[in-house]
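**Q** Attaching a single structure in structure tokens format; questions to follow.
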Amino acid sequence: MSLNILKSIKSAYKFINENKNSSSISSIALIPTMGALHEGHISLIKKAKKECDVVIVSIFINPLQFTKVEDIEKYPQNINNDKQILEELEIDALFLPSVEEMIPNDYSTYINMDNISAIKRPIYYKGAVTITAKLFNIFSPTHVYFIEHDYQKIFLIKKMIKDFGYNISVKTIPIVRDENMLALSSLNSLLSEREKEEAAIIYTLLKEAREEFKKASTKSSYLMDIIKNNLRTHKMLKLEYIDIADKDTLTSVETATKNSIILISCYCGSTRLLDNMPLK
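Every position in the sequence shown, counted from 1, becomes a number in the working numbering once 42 is added.
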């Protein structure tokens with residue numbers, strides 16, 4: 043089966059309308075991505091195929107999520123490989139719009155979530171949530187799928203779904219990791235093998251902090267210091283932020299509980315790496 047590629051919003055509407063008119067289709071899965079697909083995306087697609095009648099993957103490198111043009115330009119792209127993966131997985135459609143199609147020159151509508159003060163990198167998430175909402179309006183999915191790699195993004199999209207009254211179920215899979223236990227991300231392709239080995243310490247330190255929590259060490263500052271102090275000995279890594287937050291509100295907590303999650307962002311060279319670990 044050849045891959046069905048939709049490049050315009052008009053063609054996406056046509057595809058959705060045709061499928062919604064079929065009595066055999068009751069569920070539509072949307073998997074938003076920025077391409078450079080990896081094993082985590084493949085696991086997500088396989089889950090969606092088991093659970094939904096129609097599976098749509100979008101690939102759109104969203105400029106609203108970047109503050110510098112050079113960061114967009116260095117974002118990994120391998121669209122031919124992505125197409126091959128999606129064709130082999132036999133998804134129903136790939137939505138592959140241009141920037142002009144999604145964000146024309148006169149574009150002026152954004153979703154502002156500034157009232158959630160706990161958000162790290164608000165410009166990034168404002169862009170991510172805005173485009174996700176536009177994808178929801180285009181495809182009217184019944185389910186949307188994410189990897190738990192970016193906990194903040196999932197939290198904010200769930201909040202947006204609730205606030206806007208979308209009838210969409212959020213489905214997730216746990217973080218998928220490589221052989222070094224580094225969380226898989228499209229950006230990992232920018233790392234050298236040595237950098238990947240060094241970055242693996244992030245997971246080790248998250249796990250160490252969780253083990254301390256299990257021993258009844260509940261002071262957040264103490265748990266975060268375990269990670270901070272050890273990271274200082276790894277010169278390739280630069281901590282951007284670390285926080286222990288309540289999973290349901292994203293608010294930082296002084297005393298960690300089983301409902302808390304450690305959120306961390308590090309730079310390895312110029313590559314940003316996200317990870318997290320629930321304390322339960």
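No residue lacks a Cβ here, since even glycine has one placed at the ideal position from N, Cα and C. Every value quoted in this text rests on a predicted model; they were computed, and no experiment measured them.
Secondary structure at K261, three-state DSSP: helix, strand or coil?
**A** As a first step, residue 261 is located in the sequence shown; it is residue number 219 there, counting from the start. Strand at K261.
**Q** For the stretch 196–258, which segments carrying the alpha helix (DSSP H) assignment without a break, of at least 4 residues, lie completely within its bounds, in sequence order?
**A** Listed in chain order, the complete alpha helix (DSSP H) runs (minimum 4 residues) inside the stretch 196–258 are 235–241, 243–256.
**Q** Under 8 angstroms: do the stretch 254–272 and the stretch 150–160 share three or more Cβ pairs, one atom per stretch?
**A** At 8 angstroms Cβ cutoff, the stretches do not touch.
**Q** In the structure shown, what three-state DSSP assignment does E296 receive?
**A** In the sequence shown, residue 296 corresponds to position 254, counting from 1. E296 falls in the coil class under three-state DSSP.
**Q** In terms of residue numbering, what span does the beta strand (DSSP E) encompassing P74 cover?
**A** As a first step, residue 74 is located in the sequence shown; it is residue number 32 there, counting from the start. Here the beta strand (DSSP E) through P74 covers 70–75.
**Q** Just to confirm the assignment, what range does the alpha helix (DSSP H) spanning P164 have?
**A** Start at 1 with the first residue of the sequence shown, and residue 164 comes out as number 122. Here the alpha helix (DSSP H) through P164 covers 164–181.
**Q** Ordered along the chain, which non-local residues of its own chain (more than five positions away) have a Cβ less than 7 angstroms from that of C310?
**A** As a first step, residue 310 is located in the sequence shown; it is residue number 268 there, counting from the start. Hits under 7 angstroms: L233, E237, E240, A241, M278, L279.
**Q** Give me, in chain order, the residues of the same chain whose beta-carbon lies closer than 7 angstroms to that of I87; leave out the 5 immediate sequence neighbours on both sides.
**A** Locating residue 87 in the sequence shown gives position 45, where the first residue counts as 1. Result list for I87: I73, V97, V99, L131, I133, in chain order.
**Q** For the alpha helix (DSSP H) containing L128, list its first residue and its last residue.
**A** Translated into positions along the sequence shown, residue 128 becomes position 86. Here the alpha helix (DSSP H) through L128 covers 121–131.
**Q** With DSSP as the reference, please indicate the residues paired to R314 in a beta bridge.
**A** Counted from its first residue, the sequence shown places residue 314 at position 272. DSSP lists Y309 as partners of R314.
**Q** From which residue to which residue does the alpha helix (DSSP H) around S53 run?
**A** As a working note, residue 53 is residue 11 in the sequence shown. Run containing S53: 51–62, per the alpha helix (DSSP H) assignment.
**Q** Tell me the rounded alpha-carbon separation between I114 and A225.
**A** The residue labelled residue 114 in the question sits at position 72 within the sequence shown. The residue labelled residue 225 in the question sits at position 183 within the sequence shown. So the alpha carbons of these two residues sit roughly 21 angstroms apart.
**Q** Ends of the alpha helix (DSSP H) at A90?
**A** Translated into the one-based positions of the sequence shown, residue 90 becomes position 48. Looking at the DSSP string, the run of the alpha helix (DSSP H) that includes A90 is 81–93.
**Q** Are the stretch 77–96 and the stretch 158–171 touching by the rule of at least three beta carbon pairs closer than 8 angstroms?
**A** At 8 angstroms Cβ cutoff, the stretches do not touch.
**Q** Use the C-beta contact count for N157: other C-beta atoms within 10 angstroms, 16 or more gives buried, fewer gives exposed.
**A** In the sequence shown, the residue the question calls residue 157 occupies position 115. The residue is exposed, with fewer than 16 neighbouring Cβ atoms inside 10 Å.
**Q** State buried or exposed for T275, treating a residue as buried only when at least 16 other CB atoms are found within 10 Å of its CB.
**A** Reading the sequence shown from its first residue, position 233 is the one you call residue 275. T275 comes out exposed.
**Q** Excluding the five sequence neighbours on either side, which residues of its own chain have a C-beta within less than 6 angstroms of the C-beta of I70, listed in chain order?
**A** Numbered from its first residue, the sequence shown carries residue 70 at position 28. Result list for I70: V96, P183, T184, in chain order.
**Q** Looking only at DSSP bridge pairs, what is M319 linked to?
**A** Here residue 319 is taken as the residue at index 277 of the sequence shown, counted from 1. M319 is bridged to I304.
**Q** Going by alpha carbons, who is nearest to F323 out of N179, R219, S312, Q194?
**A** Since the first residue shown for the chain is 43 and the last is 322, residue 323 is missing from the structure and cannot be characterised.
**Q** Which first and last residues belong to the alpha helix (DSSP H) in which E142 is found?
**A** To locate residue 142, count along the sequence shown from 1; it is residue 100. Where E142 is concerned, the enclosing alpha helix (DSSP H) stretches over 141–144.
**Q** According to DSSP, simplified to helix, strand and coil, what is I268?
**A** Residue 268 sits at position 226 when you count from the first residue of the sequence shown. The answer is helix: DSSP assigns I268 an H, G or I state.
**Q** In three-state DSSP terms, what is D134?
**A** Position 92 of the sequence shown, counting from 1, holds the residue named residue 134. Reduced to three states, the DSSP call for D134 is coil.
**Q** Between the C-alpha atoms of S227 and L316, what's the straight-line distance to the nearest angstrom?
**A** By one-based count along the sequence shown, residue 227 stands at place 185. By one-based count along the sequence shown, residue 316 stands at place 274. So the two alpha carbons sit approximately 8 angstroms from each other.
**Q** Could you give the distance in angstroms between the alpha-carbon of I47 and the alpha-carbon of A135?
**A** The residue given as residue 47 occupies position 5 in the sequence shown. The residue given as residue 135 occupies position 93 in the sequence shown. Rounded to the nearest angstrom, the two C-alpha atoms are 6 angstroms apart.
**Q** Determine, using beta-carbon pairs with one atom in the stretch 302–309 and one in the stretch 285–293, whether at least three such pairs fall under 8 angstroms.
**A** Taking 8 angstroms as the limit for Cβ pairs, the verdict is that the stretch 285–293 does touch the stretch 302–309.
**Q** Rounded to the nearest angstrom, what separates M144 and K110 at their Cα positions?
**A** The count along the sequence shown starts at 1 and reaches residue 144 at position 102. The count along the sequence shown starts at 1 and reaches residue 110 at position 68. Looking at the two C-alpha atoms, the distance is approximately 19 angstroms.
**Q** How far does the beta strand (DSSP E) with Y283 in it reach, from first residue to last?
**A** Residue mapping note: residue 283 aligns to position 241 of the sequence shown, counting from 1. Counting along the chain, the beta strand (DSSP E) containing Y283 begins and ends at 279–288.
**Q** Whose C-beta lies closer than 7 angstroms to the C-beta of S259 among residues of the same chain, with five residues either side of it excluded?
**A** For the purposes of this step, residue 259 is taken as residue 217 along the sequence shown, with counting starting at 1. So the qualifying residues of the chain are L265.
**Q** Is the beta carbon of P139 less than 8 angstroms from the beta carbon of S50?
**A** Taking the sequence shown and counting its residues from 1, the one referred to as residue 139 is at position 97. Taking the sequence shown and counting its residues from 1, the one referred to as residue 50 is at position 8. For P139 and S50, yes; Cβs fall inside 8 angstroms.
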